[in-house]
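Numbering (my numbering), first residue to last: 5 to 218.
Beta carbons are placed, not taken as given, at the ideal position from N, Cα and C, and that holds for glycine.
Data first, discussion second: the structure below is written as structure tokens.
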Amino acid sequence: MEMKAKIKQAADFINQKATVKPTVALVLGSGLGKFADSLKNAVAIPYEQIPHFPVSTVKGHAGRLVIGEAGGKQVVAMQGRFHYYEGYSMQEITFPIRVMMAIGAVDLIITNASGGLNRNFKVGDLMIMTDHMNYMGNNPLIGINDDDVGPRFPPMQGVYTPDLVNEAMKIGRHIGAPVERGVYVAVSGPNYETAAELRAFRPLGADAVGMSTV
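Below, the structure is given as structure tokens:
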């Protein structure tokens, strides 16, 4: 079955369960899953019920898609995510993102717990990604392209929307949170990085490293 047909099946199923159209999509990383429980008028759908959806194998990830309201916005939140190291293909990992866009989401906010590389960062600091490096050895766009799903050669400038980055920085400072901008380097895992790899990433301009995003 073609990707866009799978996306449509999943989106149609979700639209039958939830009557609102979300405009913001959230991927909740480690320790942030409870945010989905705070959504108002929420509808929660277990991943295993959604056609073609992967199922998270990571301990502590609830494995639900939650649609509700937060801050006056209609939101769809992934309560648990999927990783390349779990054995899924890149296309399977990014499938939920495509589905959330298909049901109406325009803005995407992805969170994760990462390791700090920038020596000026402290444990617990928040980093707003402004760019990334892909060292996962794979790319979800590899393969036969469908122009209805996305362009063959997407530009990477402006992937991290400057207005949203600036707004996140503004909010973080307003509430007194330790927030920084930075470049994220993505690795496949599941082993943590070697000392040699960490030494190599810093001069390249990386500020944080992780296995969950990009």
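{"Item": "Per-residue burial, Q20 [other beta carbons within 10 Å of its own, 16 or more giving buried]", "Value": "exposed"}
{"Item": "Residue interval of the beta strand (DSSP E) (run including A74)", "Value": "R68 to A74"}
{"Item": "7 Å CB neighbourhood of I114 in its chain, flanking five on each side removed", "Value": "V31 and T217"}
{"Item": "Residue closest to I11, alpha-carbon to alpha-carbon, out of T98, T134, M160 and L145", "Value": "T98"}
{"Item": "From A81, E90, P26 and V24, residue whose alpha carbon lies closest to that of G193", "Value": "E90"}
{"Item": "Residue range of the unbroken alpha helix (DSSP H) whose run includes P207", "Value": "A199 to L208"}
{"Item": "Alpha carbon of K174 to alpha carbon of H87, nearest angstrom", "Value": "30 Å"}
{"Item": "Contacts around L43, its chain only, beta-carbon distance under 8 Å, and the 5 residues preceding and following it disregarded", "Value": "V70, I71, G72, E73, A74, V79 and A81"}
{"Item": "Inter-residue spacing [alpha-carbon to alpha-carbon] between S93 and L145", "Value": "11 Å"}
{"Item": "Contact set for A48: own chain, Cβ-Cβ below 6 Å, skip 5 residues either direction", "Value": "R68 and V70"}
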